[in-house]
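Q: Residue numbers for the sequence shown follow the numbering used here, beginning at 1 and rising by one.
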Amino acid sequence: MIIDFSCTIGPWAFRRLEVSTVEGTRRALRREGIDRAVVSSLPAVLYKNPHAGNEQLVEELGGPSRFFIPFAVLNPSFPGWREDLRRSAEELGMKGLRLYPNYQRFSLRSRETQALVRAAAELGWVTCVSVRLEDERFHHWRMKVPPTPPAQVAQLACDLPEATIVLSGGSHPDLAAFFSAVGDAPNAHAELGWVKSPLEAVKTCVGQFGAERLLMGTSFPFDVPWCGTDKITRADIPNPAKQQILGGNARRLLGLS
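1) Considering H98, what are the terminal residues of the beta strand (DSSP E) in which it resides?
2) Report buried or exposed for Q208, applying the criterion of at least 16 other Cβ atoms within 10 angstroms of its Cβ.
3) Give me the Cα-Cα distance between F179 and A188, rounded to the nearest whole angstrom.
4) Can you grab the Cα-Cα spacing for the pair T8 / P221, in whole Å?
5) Helix, strand or coil: how does DSSP classify D184 here?
6) Who are the Cβ neighbours of S40 in its own chain at under 6 angstroms, not counting the five residues just before and after it?
7) What does a CB cutoff of less than 6 angstroms around S168 pick up in its chain, not counting 5 residues either side in sequence?
8) From the DSSP secondary-structure annotation, give me the bridge partner or partners of R66.
9) Would you check if there are 3 or more beta carbon pairs closer than 8 angstroms linking the region 101-108 to the region 54-69?
10) My parser needs the beta strand (DSSP E) runs of 3 or more residues fully inside the region 178-224; what are they?
11) Of the residues K48, L214 and P161, which one's Cα is nearest the Cα of K242?
12) Whether or not the region 48-58 and the region 79-95 are in contact is what I'm after, with contact meaning three or more pairs of Cβ atoms, one per stretch, closer than 8 angstroms; do they touch?
13) Specify, as a first and last residue, the run of the alpha helix (DSSP H) that V39 falls within.
14) Whose CA, out of D230, A235, K231 and M216, lies closest to the CA of N249?
15) Using DSSP with H/G/I as helix, E/B as strand and the rest coil, what is A72?
16) With burial defined as no fewer than 16 other Cβ atoms inside 10 Å of the residue's Cβ, what is the status of G33: buried or exposed?
17) First and last residue of the alpha helix (DSSP H) that includes L85?
18) Can you say whether G247 is buried or exposed, counting buried as having 16 or more other CB atoms within 10 angstroms of its CB?
19) Going by beta-carbon coordinates alone, are L123 and A89 separated by less than 7 angstroms?
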């Protein structure tokens, strides 16, 4: 089973995306042999109350999905996040949490953020923390958003060992900084959607960080999905390591049979 751990659906305020619908996304990912996809609402990134985006996503999914695994986007600095978390789990059927501290301007060290991540862990949820969504060179000139420092994500993982933390949207240097800071912490993982260099990048990552901590991500629709899968299937690494990264690790973290 191949599982995409980094996918978003919906329109983006700053440019027209080639694919932004549920069905279009499903087709694009299935074309590359992807069986399931962790998905979150793209409009929620910029909504003042991101929970409105969660509701919009579930409405567009049309109920429980055998393909998509929805993650809630929540802002711990927004009043009412506790109720939004409850509704995400009980009413919307969300299965995890996705945070955008750089876009939504909250601290990963704040008491509210740590309370949110702790509450998500109590639900059995994975928490994905986004370093970036798109290449900073493509940002709108009135909306330059710096990446989330990987060291801050690492500190979150160290502060909350009971929470499963996935660094999302990180380059190879970001992953190196993240894993260097977390050491052997078993709750720290990263998806590879934004790892595009050096040459043989996946082989390098496996050698440095271990295949058991890595997940396949496409970063779709900001990147084409075949980049996410091909960099792993073509990597010069043992087949068991490929299977772990392509889906085995994700199944374990998500509790999928």
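Even glycine gets a Cβ: it sits at the ideal position worked out from N, Cα and C.
Since the structure is predicted, the reported quantities are computational estimates derived from the model, not experimental observations.
A: For this structure:
1) What sits at residue 98 in the sequence shown is Arg, not His. First-last of the beta strand (DSSP E) with R98: G96 to L99.
2) exposed
3) 8 angstroms
4) 7 angstroms
5) coil
6) T8, F71, V73 and R98
7) S6, C128, S130 and E191
8) R66 is not bridged to any residue.
9) no
10) 188-191
11) L214
12) yes
13) No alpha helix (DSSP H) contains V39, which is instead part of the beta strand (DSSP E) from R36 to S41.
14) M216
15) strand
16) exposed
17) W81 to E90
18) buried
19) yes
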